[in-house]
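Asker: Questions regarding the structure given below will be posed in turn.
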Amino acid sequence: MKVIVALKRVPEFSEIELKIDEKGKDIKKDNLPWTINEADNYALEEALLIKEKFGGEITAITIGKKESEEVLRLGLAKGVDNAIRIDGDYIDPMVIGFLMAKVIRDIPFDLILCGAFSSDFGYAACGPILASFLSLPFVCYVNKIEFRNSHLEIERELEGGRIEVKKVPLPCLLTIQTGINTPRYASLLGIKRAQGREIKVFDLNALSLTEEEIKTKTSLDIHRLFKPLREAKAEFLTGTSEEIAERVARLIKEKGLL
């Protein structure tokens, strides 16, 4: 089983207070702590479990500058066989899907796994766009995978806690939901060995592309990035049950909630 898994390096939001840069179109990235995108880590673990059960090999791919190789080396430390970085600082899902498809077309594969969404922009679009460029069937928000000869039986999460079961033929692309498994930690030996492993790098020139061609694939432009105003406030009610109930009824009427 040949599996490709897409990984992304994202800021560790839980440890910092984000600040908007001077242009108002991005966050300040100086001295930010970075980590692998949470959903991608679950996709990586699922790829490793598939390899352990069925054999084969895993290729990890990311888009970013040199620093993005951190997530690839994490994958290599855990058991990934091959690693690819597409050089560039792109955030548009259409561009990311286009570039990944350009590289993946030359790689034999049975299955592509992506995280269901990223913790920074949260578009949840890169997986479906990549599948569209490769003309692959795809299923999103997958939380269980069963192999059935030439196809997969998939469980995916829907609104309201409902579960949908689908059959999808191979090759295909799945976006993986958090919680599908328990991601392992990389061993110290694995981390050490990963530092010397080769990572293939493709820039636009290697892909026979130009910046002008990339611009034709752009689907969005960030107009402004800002923190929403917080106007909510809490009011604690005291008194007897009857007094509190009367006050609640009056507040509901004043706010026009009924």
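Using our numbering, you'd call the opening residue of the sequence shown number 489 and step up by one each time. Here a beta-carbon is modelled for each residue, glycine too, at the ideal position from N, C-alpha and C. Values in this document were obtained by computation on a predicted structure and should not be read as measured data.
In whole angstroms, what separates the C-alpha of R497 from that of L520?
Answerer: Looking up residue 497 in the sequence shown gives position 9. Looking up residue 520 in the sequence shown gives position 32. Rounded to whole angstroms, R497 to L520 spans 12 Å at the Cα level.
Asker: So for D608, helix, strand or coil by DSSP?
Answerer: Residue numbering aside, residue 608 sits at position 120 when the sequence shown is read from its first letter. Correct three-state label for D608: coil.
Asker: Between the alpha carbons of H711 and K680, how many angstroms are there, rounded?
Answerer: On the sequence shown, residue 711 is found 223 positions in, with the first residue counted as 1. On the sequence shown, residue 680 is found 192 positions in, with the first residue counted as 1. Those two C-alpha atoms are separated by around 43 Å.
Asker: Count the other CB atoms, across all protein chains shown, that sit within 10 Å of the CB of D514; report buried if there are 16 or more and exposed otherwise.
Answerer: Position 26 of the sequence shown, counted from the start, is the residue given in the question as residue 514. Exposed.
Asker: Taking K490 as the reference, give the member of E643, A733, A737 and G543 with the closest Cα.
Answerer: For this step, residue 490 is matched to residue 2 along the sequence shown. For K490, the nearest C-alpha among the options comes from G543.
Asker: According to DSSP, simplified to helix, strand and coil, what is N432?
Answerer: Since the first and last residues shown for the chain are 489 and 746, residue 432 lies out of range.
Asker: So, do the segment 632-645 and the segment 608-615 have three or more beta carbon pairs nearer to each other than 8 Å?
Answerer: No, they do not touch.
Asker: Which residues in the same chain as A619 place their Cβ atom closer than 7 Å to its Cβ, once the five residues preceding and following it in sequence are excluded?
Answerer: Indexing the sequence shown from 1 puts residue 619 at position 131. F626 and L661, listed in sequence order.
Asker: From this set, K541, R650, F714 and K632, which residue's C-alpha is nearest E510's C-alpha?
Answerer: The sequence position of residue 510 within the sequence shown is 22, counting from 1. Checked all of K541, R650, F714 and K632; the closest Cα to E510 is F714.
Asker: Compute the distance between the beta-carbons of L495 and L560, then report whether it is under 8 Å.
Answerer: Working through the sequence shown from its first residue, we reach residue 495 at position 7. Working through the sequence shown from its first residue, we reach residue 560 at position 72. Their beta carbons are under 8 Å apart, which means L495 touches L560 by this criterion.
Asker: Can the beta-carbon of D580 be found closer than 8 Å to that of T704?
Answerer: Here the question's residue 580 lines up with position 92 in the sequence shown. Here the question's residue 704 lines up with position 216 in the sequence shown. The answer is no: Cβ separation not under 8 Å.
Asker: At 3 residues or longer, and completely inside the segment 492-570: list those beta strand (DSSP E) runs for me, N to C.
Answerer: If we require 3 residues or more, the beta strand (DSSP E) runs fully inside the segment 492-570 come out as 497-499, 522-524 and 545-552.
Asker: Name the DSSP bridge partner or partners of F621?
Answerer: Locating residue 621 in the sequence shown gives position 133, counting from the first residue. F621 pairs with nothing; no bridge assigned.
Asker: Going by DSSP in three states, T663 sits in which element: helix, strand or coil?
Answerer: Counted from its first residue, the sequence shown places residue 663 at position 175. In this structure, T663 counts as strand in the three-state DSSP scheme.
Asker: So what's E723 in DSSP terms, helix, strand or just coil?
Answerer: Against the sequence shown, residue 723 aligns to sequence position 235. Coil, per DSSP.
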